[in-house]
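Notes to accompany the following structure.
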Amino acid sequence: MNFSTHSNRSLATEATRVPFDHNRLRGSQLAGLLLLLIATGGAGCVPPESAVPVVVPPGGQPADQVQGGDETVVTADALRDQIDRTLAATLQNRQLNTDDHGAWQILHGALTYRQGFPVRIGRTGPFSPALEYAMSGGRIQGWTYQPGDILDRTTNRRGLRAIVEPGTRKGQGHADQWLAILAQAQLPLEQPLKLGGADFELRDFLEQVQR
Numbered sequence: 703m704n705f706s707t708h709s710n711r712s713l714a715t716e717a718t719r720v721p722f723d724h725n726r727l728r729g730s731q732l733a734g735l736l737l738l739l740i741a742t743g744g745a746g747c748v749p750p751e752s753a754v755p756v757v758v759p760p761g762g763q764p765a766d767q768v769q770g771g772d773e774t775v776v777t778a779d780a781l782r783d784q785i786d787r788t789l790a791a792t793l794q795n796r797q798l799n800t801d802d803h804g805a806w807q808i809l810h811g812a813l814t815y816r817q818g819f820p821v822r823i824g825r826t827g828p829f830s831p832a833l834e835y836a837m838s839g840g841r842i843q844g845w846t847y848q849p850g851d852i853l854d855r856t857t858n859r860r861g862l863r864a865i866v867e868p869g870t871r872k873g874q875g876h877a878d879q880w881l882a883i884l885a886q887a888q889l890p891l892e893q894p895l896k897l898g899g900a901d902f903e904l905r906d907f908l909e910q911v912q913r
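Residue numbers (this note's numbering): 703 to 913.
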């Protein structure tokens, strides 16, 4: 899977570059969305209808949409549509950039939207797919690694170790956090990962974690 080159397209354009399959929504995407909203200051910029309270009927059984007091009971399809609207609105309106936001915030966006999540380079630069930018050697606060163990003494191939920086809200909060996010982005093991002047592959990261 090849990352595309950087472009100066709008955020909305970048959002359509990688199709987002709403019918295969996973819990990790919802968790990532929640963390992204927390990291960027709340859940604003969401369509007004998304603020309507939603209650799933007892037992999780679908029900017709019914108005009752301050609550609305909706069908499973209506609930899915509401989630879709929230995901789409957040992707379009939550703009992260590499000057004001760290890897912890940016990668939680990628946890939700995977390769479809864009980040602005600096405050006024072009948008780039966040994972592409990070893995091609782009500068992001908290995206910090160091060479790991020698994995192959014949070639001197080394592993890659992500630095844990708990509490910073910029760097990796706990061990293997970056790997968990990258693993859900459907990247191949041969995916290049540049750090400074050194070239690695995603497999080097994985094999280091397995040691």
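Here a beta-carbon is modelled for each residue, glycine too, at the ideal position from N, C-alpha and C.
Beta-carbon gap between Leu798 and Ala887 smaller than 8 angstroms: If you number the sequence shown from 1, residue 798 lands on position 96. If you number the sequence shown from 1, residue 887 lands on position 185. No, Cβ-Cβ distance for Leu798 and Ala887 is not below 8 angstroms.
Please classify Arg819: does DSSP put it in a helix, a strand, or coil? Counted from its first residue, the sequence shown places residue 819 at position 117. Looking at the sequence provided, one finds Phe at residue 819 rather than Arg. Note: Phe819 maps to coil in three-state DSSP.
Between the alpha carbons of Arg787 and Ala778, how many angstroms are there, rounded? Your numbering for residue 787 matches position 85 in the sequence shown. Your numbering for residue 778 matches position 76 in the sequence shown. Taking the straight line from one Cα to the other gives about 14 angstroms.
Taking 8 angstroms as the cut-off, does the segment 805 to 824 touch the segment 865 to 875 (at least 3 CB pairs, one atom from each stretch)? yes
Please determine, among Val775, Glu903, Ala791, the residue with the shortest C-alpha to C-alpha distance to Pro849. Along the sequence shown, read from residue 1 onward, the residue named residue 849 stands at position 147. Its Cα nearest to that of Pro849, the residue Glu903 stands out among Val775, Glu903, Ala791.
Can you tell me whether Pro831 is buried or exposed? The criterion is at least 16 other CB atoms within 10 Å of its CB, across all chains shown. As a first step, residue 831 must be located in the sequence shown, where it is residue number 129. The residue is buried, with at least 16 neighbouring Cβ atoms inside 10 Å.
Where Gly844 sits in the DSSP three-state scheme: As a working note, residue 844 is residue 142 in the sequence shown. Looking at Gly844 - three-state DSSP - the assignment turns out to be coil, as it is neither helix nor strand.
What does the alpha-carbon distance come out to for the pair Asp851 and Gly811? Within the sequence shown, residue 851 is the residue found at index 149, counting from 1. Within the sequence shown, residue 811 is the residue found at index 109, counting from 1. Cα to Cα, the separation comes out at about 30 angstroms.
Between Ala864 and Trp880, how many whole angstroms is the CB-CB distance? I'm expecting something under 8 angstroms. Numbered from its first residue, the sequence shown carries residue 864 at position 162. Numbered from its first residue, the sequence shown carries residue 880 at position 178. That pair is a contact at about 5 angstroms.
Tell me, please, which residues DSSP counts as bridged to Phe902. Position 200 of the sequence shown, counted from the start, is the residue given in the question as residue 902. Looking at the DSSP assignment, Phe902 forms a beta bridge with Leu895.
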